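Visitor: Quick one: the structure is below, questions incoming.
Following this line, the structure appears as structure tokens:
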């Protein structure tokens with residue numbers, strides 16, 4: 001793997017040096033050609049902006065005339081064209097020469113923040129630090145709350161989750177923590193933990209119509225939605241469970 005952060009990419013090296021490398025750190029690709037005047041304006045701006053980020057992002061420069069295969073695959077029809085890779089795919093892009101301030105904003109959005117890097121480590125200390133830097137991050141609060149709940153610190157876990165807004169995962173976990181003490185629901189949550197998704201979800205959904213307490217009914221819904229969100233829209237169990245949940249609610 002390359003150690004330098006600014007390098008030339010080719011048709012032969014693109015998959016390894018750009019796509020695969022972007023799984024470790026973001027890679028910006030500068031599509032250019034020798035005859036392109038705006039390219040000569042943009043490339044130094046990109047180089048300067050990447051260099052000042054001290055190895056947190058790499059810059060690959062690809063001559064579209066010398067490397068037509070990659071240029072064709074990316075449907076490069078106008079240059080300069082810039083694409084930002086993270087985790088093996090394009091996540092941001094722009095065309096045309098841009099002023100330094102715009103390039104800086106582009107890179108700021110592409111390069112992980114300190115909090116994002118801490119979340120990736122996944123240990124308790126780093127998750128707590130991530131929340132200090134960016135309070136309310138669901139991707140830090142949810143795994144940390146799971147750790148706390150696993151060792152019996154449920155109240156702290158619930159308090160942590162209460163600071164997260166707009167997250168099905170956080171709402172679902174909080175709802176589960178409130179419901180887990182009910183004997184009739186323990187088997188449902190145990191099934192989910194054992195990977196028996198359909199049985200666990202069916203048990204939770206089945207408890208909704210018989211619940212007279214609006215808050216309990218809403219917690220049942222939230223706990224189910226949290227699991228469905230984690231599974232994703234294409235999961236077969238999730239698709240069927242959404243239909244069952246709608247029937248139970250309405």
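Residue numbers (the working numbering): 1 to 250.
Where a beta carbon is used, it is the ideal one built from N, C-alpha and C, also for glycine.
Source: prediction; values computed, not measured.
1) What residue does the beta strand (DSSP E) around residue 212 start on, and which one ends it?
2) Classify residue 25 as helix, strand or coil using the three-state DSSP reduction.
3) Going by DSSP in three states, residue 137 sits in which element: helix, strand or coil?
4) How about the segment 58 to 68 and the segment 114 to 129: do they share at least three Cβ pairs that are nearer than 8 Å?
5) Mapping the DSSP letters down to three states, classify residue 55 as helix, strand or coil.
6) Nearest CA to the CA of residue 34: which residue from 214, 85, 21, 67?
7) What three-state label does DSSP hand residue 71 in the structure shown?
8) Rounded to the nearest angstrom, what separates residue 1 and residue 156 at their Cα positions?
9) Count the other CB atoms, across all protein chains shown, that sit within 10 Å of the CB of residue 200; report buried if there are 16 or more and exposed otherwise.
10) Would you identify the three-state DSSP class for residue 151, choosing helix, strand or coil?
11) Tell me the residue span of the alpha helix (DSSP H) that contains residue 116.
12) Using beta-carbon positions only, say whether residue 228 and residue 238 come within less than 9 Å of one another.
13) Do you know how far the Cα of residue 223 is from the Cα of residue 13?
14) Name the two residues that bound the continuous alpha helix (DSSP H) containing residue 172.
15) Residue 162 and residue 142: beta carbons closer than 9 Å?
Guide: According to the data block:
1) Looking at the DSSP string, residue 212 is not in any beta strand (DSSP E), and its letter there is neither H nor E.
2) In the three-state scheme derived from DSSP, where H, G and I count as helix and E and B as strand, residue 25 is classed as coil.
3) Under the three-state reduction of DSSP, residue 137 is assigned to coil, being neither helix nor strand.
4) No contact exists between the segment 58 to 68 and the segment 114 to 129.
5) The answer is coil: DSSP assigns residue 55 none of H, G, I, E or B.
6) Between residue 34 and the set 214, 85, 21, 67, the nearest pair of CA atoms involves 67.
7) Correct three-state label for residue 71: helix.
8) In this predicted model, residue 1 has a pLDDT of only 41, less than 50, meaning its place in the structure is not dependable enough to derive any value.
9) Flag for residue 200 reads buried.
10) Coil at residue 151, not helix or strand.
11) Start and end: 114 to 121.
12) Going by beta carbons, residue 228 and residue 238 fall inside the 9 Å limit.
13) Rounded to the nearest angstrom, the two C-alpha atoms are 46 Å apart.
14) Per DSSP, the unbroken alpha helix (DSSP H) holding residue 172 starts and ends at 168 to 179.
15) Result no, Cβ atoms of residue 162 and residue 142 do not sit closer than 9 Å.
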